[in-house]
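What follows is one structure encoded as structure tokens, with my remarks underneath.
Protein chains: 2
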Amino acid sequence: MTNPTAAMLVIGDEILSGRTRDANMYHLANELTKVGIDLKEVRVVSDDKDAIIAAIRSLKQRFDTVFTSGGIGPTHDDITADCVAQAFDVAIDVRKDAYDLMDAHYKAQGSEFTETRMRMARIPDTATLIENPVSIAPGFTIENVHVMAGVPKIFEAMVASVLPTVSGGEPLISQTYRIERGEGIVAEPLRDLAEKYSDLSLGSYPFQKNGAFGTNIVIRGTDEARVSAAIQDLTAQFPNNGVE
Amino acid sequence: MTNPTAAMLVIGDEILSGRTRDANMYHLANELTKVGIDLKEVRVVSDDKDAIIAAIRSLKQRFDTVFTSGGIGPTHDDITADCVAQAFDVAIDVRKDAYDLMDAHYKAQGSEFTETRMRMARIPDTATLIENPVSIAPGFTIENVHVMAGVPKIFEAMVASVLPTVSGGEPLISQTYRIERGEGIVAEPLRDLAEKYSDLSLGSYPFQKNGAFGTNIVIRGTDEARVSAAIQDLTAQFPNNGVE
Chain A
5 MTNPTAAMLV
15 IGDEILSGRT
25 RDANMYHLAN
35 ELTKVGIDLK
45 EVRVVSDDKD
55 AIIAAIRSLK
65 QRFDTVFTSG
75 GIGPTHDDIT
85 ADCVAQAFDV
95 AIDVRKDAYD
105 LMDAHYKAQG
115 SEFTETRMRM
125 ARIPDTATLI
135 ENPVSIAPGF
145 TIENVHVMAG
155 VPKIFEAMVA
165 SVLPTVSGGE
175 PLISQTYRIE
185 RGEGIVAEPL
195 RDLAEKYSDL
205 SLGSYPFQKN
215 GAFGTNIVIR
225 GTDEARVSAA
235 IQDLTAQFPN
245 NGVE
Chain B
5 MTNPTAAMLV
15 IGDEILSGRT
25 RDANMYHLAN
35 ELTKVGIDLK
45 EVRVVSDDKD
55 AIIAAIRSLK
65 QRFDTVFTSG
75 GIGPTHDDIT
85 ADCVAQAFDV
95 AIDVRKDAYD
105 LMDAHYKAQG
115 SEFTETRMRM
125 ARIPDTATLI
135 ENPVSIAPGF
145 TIENVHVMAG
155 VPKIFEAMVA
165 SVLPTVSGGE
175 PLISQTYRIE
185 RGEGIVAEPL
195 RDLAEKYSDL
205 SLGSYPFQKN
215 GAFGTNIVIR
225 GTDEARVSAA
235 IQDLTAQFPN
245 NGVE
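Just so you know, the sequences run in chain order A and B.
Sequential numbering of the first sequence, starting at 5, is according to the working numbering.
Sequential numbering of the second sequence, starting at 5, is according to the working numbering.
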């Protein structure tokens, strides 16, 4: 069985200029791994209409599910919702369900529901809303694309409410074995192991810290017994973590 | 004058599985901003031949310069060099210049130049080598694509030696003004400001920390006087950082 696939689209000049270090990609990657969905591609594009539309059109076609992050706030450069509508060829306007949610929220807060805030109630036709428990202005899902905020706290809350609706594959089991030898020494036995356990995914991650160096071997698969067998095989070849 | 453009391709399952948090994107984004090159797109793809080749072909055509990170180590899943060769339709084999560098290094170290390590001397025809002061095995440049290692220390060293050879645009001046008001309040004045200063780039970045919330406004441009004028304009509208 192959797992369902996913892609992520991160929208925003702040990542590409190096001003902000992306946190949402790391969060989503971990959440998807837990439920057995394979994140296959991430794209980061700037607040540019053509770039956003082209990326959404390409990703929604090639992957089972697409998650977007960023560009749905109230400012002039928040153009994601309009771009998504265009990518799906549907109309977009301030929508009553989103408007009502936000209107009630600002009334309860005693603050004004300004025209710029109303931008955040623009939702494409046929989309369903994604709850925003942090600041109310919702995300939305249209077909296989989930459109979410870029602020990490809100993004994480939206991912938590969307993920149970996305059917995952078998969760991935992952085990790590640390070998106190460089990747050059480990590579050949690892290649043989990868051939023997072709149903598993083997990764090697060199580390170098405080003068010590070595390689972490991560073995992943959906069958726990197979993962354990591969780890035992590796342990037999590099007993005692490869320390001579 | 428009700045030269760049794209980055990050190769590796470890980012997409959430095992490793990407550091190279953040580093490169900052370095490019300093020298006035606009990073327009980042893609992260898995260790998959077709995905890597397709991404390189697409990016090298659309942007002035492409930087890749990852997949040039000695293990079975390090396939970047071969994919780049294929994307450029050139041959690839162990190349004497790379071989000699590494051979001398391992001899000096008293360690063996194994067959698996020799994988790292595979360099596409017509490419020039990028120095690796950390662990010798080189990266390479072919036309407008710079192929570098994924280990952050090595990636950073390679970026440092490549960047002076890439002609940048005018360095970007960036100034930030902190406003202790939500993005919904700031959005409208900001839109007017963006119209008035259409030669500058204005970004708003909401923050929420320990109960306090507000918006950082970042104004970027190549003309320092214009950036300062826009900041003064904004300060006049929200004196005292917007604190009432």
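Note that beta-carbon positions come from the ideal geometry of N, C-alpha and C, so glycine has one too.
Asked	Found
Chain A residues whose Cβ lies nearer than 7 Å to that of V155(B)	P210
Any chain A beta carbon closer than 8 Å to P175(B)	no
Residues from the region 16-38 of chain A in contact with chain B, defined by Cβ distance under 9 Å	G16, D17, E18, I19, L20, S21, G22, R23, T24, R25, D26, A27, M29, Y30, H31, L32, A33, N34, E35, L36, T37 and K38
Alpha helix (DSSP H) segment containing P156(B), residue limits	P156 to V166
Outcome for V247(A) when other beta-carbon atoms lying within 10 angstroms are tallied against a minimum of 16	exposed
Sequence ranges, alpha helix (DSSP H) only - wholly within the region 81-154 of chain A, length at least 4	84-91, 100-113 and 119-122
Any C-beta of chain A under 8 Å from that of E192(B)	yes
Classification of D82(B) by the beta-carbon crowding that lies within 10 angstroms, buried from 16 upward	buried
Alpha carbon of A141(A) to alpha carbon of A216(A), nearest angstrom	49 Å
Cutoff 8 Å: A89(A) Cβ touching any chain B Cβ	no
Best match in A233(A), V155(A) and E135(A) for proximity to Y201(A) [C-alpha to C-alpha]	A233(A)
Burial state of R66(A) (16 or more Cβ within 10 Å)	exposed
Neighbour list for V49(B) in chain A, Cβ cutoff strictly below 7 Å	E45
Sequence-distant residues of its chain with Cβ nearer than 7 Å to V98(B) (five each side left out)	M122, A125 and R126
V190(A) (DSSP reduced to helix, strand or coil)	helix
Residue of Q90(A), S178(A) and A240(A) minimising C-alpha distance to E18(B)	S178(A)
8 Å contact criterion, which V222(B) and I146(B) should meet: CB distance rounded	Actually they do not touch by this definition, with Cβ atoms about 35 Å apart.
Spatially closest choice to S139(A) from T132(A), T130(A), G154(A) and D129(A), by CA coordinates	G154(A)
CB contact check: P142(A) to chain B, cutoff 8 Å	no
Among I158(A), A55(A), A161(A) and K100(A), the one whose alpha carbon lies nearest that of A131(A)	K100(A)
Beta-carbon spacing of N148(B), V231(B) below 8 Å	no
Residue-chain proximity (K195(A), chain B), Cβ-Cβ < 8 Å	In the sequence as displayed, the identity of residue 195(A) is Arg instead of Lys. Yes, R195(A) counts as interfacial toward chain B.
Local conformation of D52(A) per DSSP, three classes	coil
Helix, strand or coil at R182(B) [DSSP, three-state]	strand
Endpoints, alpha helix (DSSP H) assigned at V70(A)	Note, V70(A): premise wrong, no alpha helix (DSSP H); beta strand (DSSP E) at T69 to S73.
Chain-ordered neighbours of G207(B) on chain A, where CB pairs are closer than 9 Å	G16, D17, E18, S21, R23, D51, T79 and D81
Partners in chain A for V222(B), counting only beta-carbon separations shorter than 7 Å	R23
Distance between beta carbons of V46(A) and V94(A), contact taken as under 8 Å	25 Å between Cβ atoms; not a contact.
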